[in-house]
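In the numbering used here, the protein residues as written are 1 to 303.
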């Protein structure tokens with residue numbers, strides 16, 4: 001086969017030969033020719049995966065645990081919201097659209113991301129409704145399968161807008177899924193939006209699942225457990241501050257303080273905290289830090 005140079009030398013028309021040579025040099029010197037060849041080679045997709053926390057824990061973004069997104073309420077009191085600003089700790093901003101979420105919804109979210117952590121985000125994870133309910137410590141009768149459907153519907157239809165530090169996320173907490181109801185196992189295929197990784201990048205906590213199960217059906221104690229688990233050495237807080245942060249609907253602050261004392265006693269009994277004390281309107285909590293939190297506390301302080 002003839003090379004380009006041989007072909008050009010065979011051309012008798014000198015003007016045509018010069019123009020073809022000039023065109024060849026232009027093609028060789030055009031940087032886009034390299035880009036074209038490189039783009040033809042498909043680049044591998046970036047794999048995004050949640051942190052691989054232990055089986056006995058549930059990984060939750062701190063921005064979710066430090067505000068009223070999953071409120072300390074009974075589900076029967078939930079209301080619909082439209083881009084409503086929810087109370088949260090300083091440095092975190094939360095807006096919410098959808099039916100108000102409670103601590104039982106947080107159970108479902110925690111278990112869903114726990115299963116998803118074993119797969120790259122954006123891929124599908126498979127589970128049965130029966131197994132999911134068992135993992136939550138719930139019965140597996142028909143009513144409870146309907147409850148799970150309701151909870152997943154709330155999580156997929158709700159839109160959150162969360163900003164924590166320089167990281168922001170807006171979208172549903174659970175992306176989408178399918179359900180096979182051809183048998184009593186209720187097989188699910190669920191997908192978690194990979195962009196939710198932004199919330200984990202801003203900081204997350206490995207919540208002890210066994211302790212959380214001990215506090216089931218105690219919304220305020222569950223909220224306190226998540227909140228204080230996300231702090232290595234919590235500062236004292238006003239009762240009114242906790243009242244706002246947890247999303248309580250109790251309008252009687254005195255009654256809420258009594259409920260708060262009972263909830264803290266439940267945390268002590270479950271060995272989630274060491275001690276708590278009311279001093280005037282402040283609450284002092286002696287936490288039990290995790291291993292990683294203790295390492296953080298043991299680091300030398302600057303200066």
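We put the beta carbon where it would ideally sit given N, CA and C, even for glycine.
- The three-state reading of DSSP puts residue 262 in helix, counting H, G and I together.
- Per the C-alpha coordinates, the member of 77, 89, 259, 65 positioned closest to residue 106 is 65.
- A distance of 7 Å or more separates the beta carbons of residue 98 and residue 86.
- Collapsing the DSSP output to three states places residue 218 in coil.
- When the alpha-carbon of residue 62 is set against those of 88, 77, 134, the nearest one is in 88.
- If you look at residue 116, you'll find it in the alpha helix (DSSP H) that goes 103-116.
- A direct Cα-Cα distance of roughly 23 Å separates residue 49 from residue 131.
- Closest in alpha carbon position to residue 227, among 301, 287, 257, 82, is 287.
- Taking 7 Å as the cut-off, the Cβ atoms of residue 58 and residue 144 do not count as close.
- Secondary structure of residue 204 (DSSP, three-state): strand.
- One Cα belongs to residue 272, the other to residue 262, and the distance between them is close to 14 Å.
- The alpha helix (DSSP H) runs lying completely inside the region 132-158 and spanning 4 residues or more are 142-157, given in chain order.
- Sixteen is the threshold: since fewer than 16 other Cβ atoms of the shown chains lie within 10 Å of the Cβ of residue 146, the residue is exposed.
- When the alpha-carbon of residue 129 is set against those of 185, 241, 297, 275, the nearest one is in 185.
- Separation of residue 92 and residue 162 (C-alpha to C-alpha, rounded to the nearest whole angstrom) is 7 Å.
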